[in-house]
Amino acid sequence: MKSFHVTTFGCQMNEHDSERMKGMLESLGYAEAERADEAELILFNTCSIREKADERFVAHLNQAAALKRRDPERVIGVGGCWAQSVKDQVFRQFPFVDVAFGPGQVHKLAEFLTSDSLTAQGFFEFEGFTGHLPTKRARDFQAWVQISVGCNCRCSYCIVPSTRGTEVSRPFGELVAEVERLVAEGVREVTLLGQNVNSWGRDLRPERRSFSELLRAVDATGVERLRYTSPHPKDMREDVVLAHAELRSLCEHIHLPLQSGSTRVLKAMRRTYSRERYLDRVALIREHVPDVALTTDVIVGFPGETEEDFAATLGVCEEVGYDGAFTFIYSPRRGTEAASFADGLIPHEVAVERMERLVEVVQRRARERAQRFVGRTLEVLVEGSSRTDPTKLRGRTRHGKVVNFSGLAAPGDVVQVEISAATSQTLAGEESLLARALG
Ligand code: SAH
Ligand code: SF4
Ligand code: F3S
């Protein structure tokens with residue numbers, strides 16, 4: 549039997565695409581190898597969101613080249629956003645690559661492997677959703693469901709619209725049927741995926757649909773936990789917020805990317821909302837879902853960001869009090885509007901220094917926010933054993949908080965955990981044996 553190995557970089561979209569690659573390869577008779585050096589087919593699913601992402605991947609690719617020199621029969625494939633962003637150049641830059649394909653062309657890998665062509669092949673069309681591939685999930689009880697491909701926003705810093713194409717929503721009925729099937733297979737938690745999930749459905753014909761309608765229909769399948777990522781603040785309307793208050797399965801967690809707290813910078817980023825409008829969305833969410841966990845993404849050092857603009861970002865982080873945040877130093881990306889900005893470039897040291905101040909505020913507020921969980925008993929979906937202490941279990945609350953706890957549960961169980969301590973990142977506690985006894 550032939551063997552393969554996939555290394556995945558980037559976001560949940562890529563993780564999910566890799567699950568589909570693995571499912572497809574197994575259906576072609578391949579078996580997954582534990583390590584790349586044991587595999588005949590070495591695949592990389594790449595990301596290009598920041599420069600660092602590119603660099604990390606190139607180091608891996610060079611290791612694969614060394615393996616291929618030892619054993620020229622090996623096949624090396626490169627998929628994902630980086631591949632899409634450089635297209636056929638990949639073969640010039642890395643002549644040992646046999647097949648390259650964009651995020652929308654995962655299925656073409658099968659075509660390549662079953663053809664008898666020995667020449668390098670590239671697949672970079674945008675075809676909308678090309679799902680319907682068998683999926684090999686990392687955990688039996690959790691599943692991703694991709695609800696749309698591409699993105700119609702034009703955030704000036706972002707490479708994604710050029711690597712994933714324009715937005716195409718998958719049909720309502722097809723998505724509901726997919727979740728029904730997953731629930732029947734024993735999936736307890738479903739995460740809906742898209743670059744801008746809450747604009748889902750506007751392009752559907754003959755009947756337009758709304759994201760909140762989809763949330764209601766998915767809730768009605770009986771799935772235990774429902775999540776989604778990422779929503780765009782501009783499309784975070786009251787119907788979606790109310791769904792959080794009303795739907796049993798929809799978790800009390802919203803990832804609402806801020807990017808900047810300065811209206812001036814937001815405009816240059818083409819985010820299409822102001823600081824006030826963003827804060828107004830937060831207020832609406834907290835009014836209807838008071839205990840919600842809010843997380844965000846922030847970019848520092850965007851061209852033209854003044855000390856005053858940065859102070860505005862710190863101000864929003866202070867005021868909102870996020871439960872967690874991903875913070876990034878701006879990285880110019882080829883072909884994006886912001887990469888052509890020549891004025892107001894921020895020296896790296898300045899960006900690093902701003903990043904440190906931002907992280908201080910984010911972590912302090914997250915730690916403070918997390919104290920509200922201490923003393924409460926929370927529902928936890930067990931994911932495995934703790935990364936730091938293998939005698940303990942690890943799981944997630946509905947708020948999306950990681951909990952390390954002692955108990956008797958197994959992965960996939962939903963248990964009650966008494967929370968005894970909290971840091972900015974994780975909670976600690978003990979499984980409620982009373983709840984277990986009461987069953
Ligand atoms: N579609 C999603 C995710 C986009 S990528 C969304 O809009 O929320 C995830 C995050 O990477 C973005 O939210 C942004 O904070 C960051 N990011 C994107 N492009 C970047 C760049 N050029 N430099 C630094 N960070 C970037
Ligand atoms: Fe990129 Fe903006 Fe689209 Fe997110 S919404 S993928 S940041 S263009
Ligand atoms: Fe995701 Fe990276 Fe592409 S973040 S959408 S894999 S550029």
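Take 549 as the starting number for the sequence shown in our numbering and just add one per residue.
From the three backbone atoms N, C-alpha and C, an ideal C-beta is built for every residue, glycine too.
All figures in this text were calculated on a predicted structure; none of them were measured in a lab.
- In this structure, ALA873 sits near THR844, with a CB-CB distance shorter than 7 angstroms.
- Taking non-hydrogen atoms of ligand 1 into account, the C-beta of SER808 is found less than 6 angstroms away from none of them.
- A Cβ-Cβ separation of about 4 angstroms places ALA587 in contact with HIS553 under the 8 angstroms criterion.
- Contact annotation, ALA631 with THR667: C-beta distance approximately 17 angstroms; criterion of less than 8 angstroms not satisfied.
- Look at MET561: its beta carbon is less than 6 angstroms from one of the heavy atoms in ligand 3.
- In the structure shown, the three-state DSSP call for ALA686 is coil.
- Taking a C-beta distance under 7 angstroms as the contact criterion, LEU741 and MET561 qualify as a contact pair.
- ASP646 has its alpha-carbon roughly 13 angstroms from the corresponding atom of GLN637.
- Spatial neighbours of VAL864 in its own chain (CB-CB distance under 8 angstroms, excluding positions within 5 residues in sequence) are listed in chain order as LEU806, GLY809, ARG823, TYR826 and LEU827.
- Taken through DSSP and simplified to helix, strand or coil, ASP845 comes out as strand.
- Taking a cut-off of 8 angstroms on C-beta distances, the region 917 to 925 does not touch the region 873 to 883, as fewer than three cross pairs fall below it.
- With a 10 Å radius around the Cβ and a threshold of 16 neighbouring Cβ atoms, ASP565 comes out buried.
- Counting only runs that start and end inside the region 685 to 729, the alpha helix (DSSP H) elements of at least 4 residues fall at 708 to 712.
- Residue nearest to GLY676 within the set ASP751, VAL900, GLU856 and ARG598 is ASP751 (criterion: CA-CA distance).
- Around PRO682, the same chain offers ARG568, GLY571, MET572, GLU574 and SER575 as residues with beta carbons nearer than 8 angstroms, after the five sequence neighbours per side are excluded.
- If you check the C-beta of PRO651 against ligand 2, you find no heavy atom less than 6 angstroms away.
- LEU589 carries a strand assignment under DSSP once its states are collapsed to helix, strand and coil.
- Nearest C-alpha to ILE590 among PHE605, ALA658, THR555 and VAL930: THR555.
- Inclusion of PRO709 in the 6 angstroms shell around ligand 2 follows from its C-beta lying nearer than that to a non-hydrogen atom of the ligand.
- Excluding five sequence positions before and after ARG685, the CB atoms of its chain that fall closer than 7 angstroms to its own CB belong to GLU567 and ALA691, given in chain order.
- Ranking GLY734, LEU774 and ALA581 by CA distance to the CA of ALA791 puts LEU774 first.
- ILE833 sits in a helix when the DSSP states are folded into three classes.
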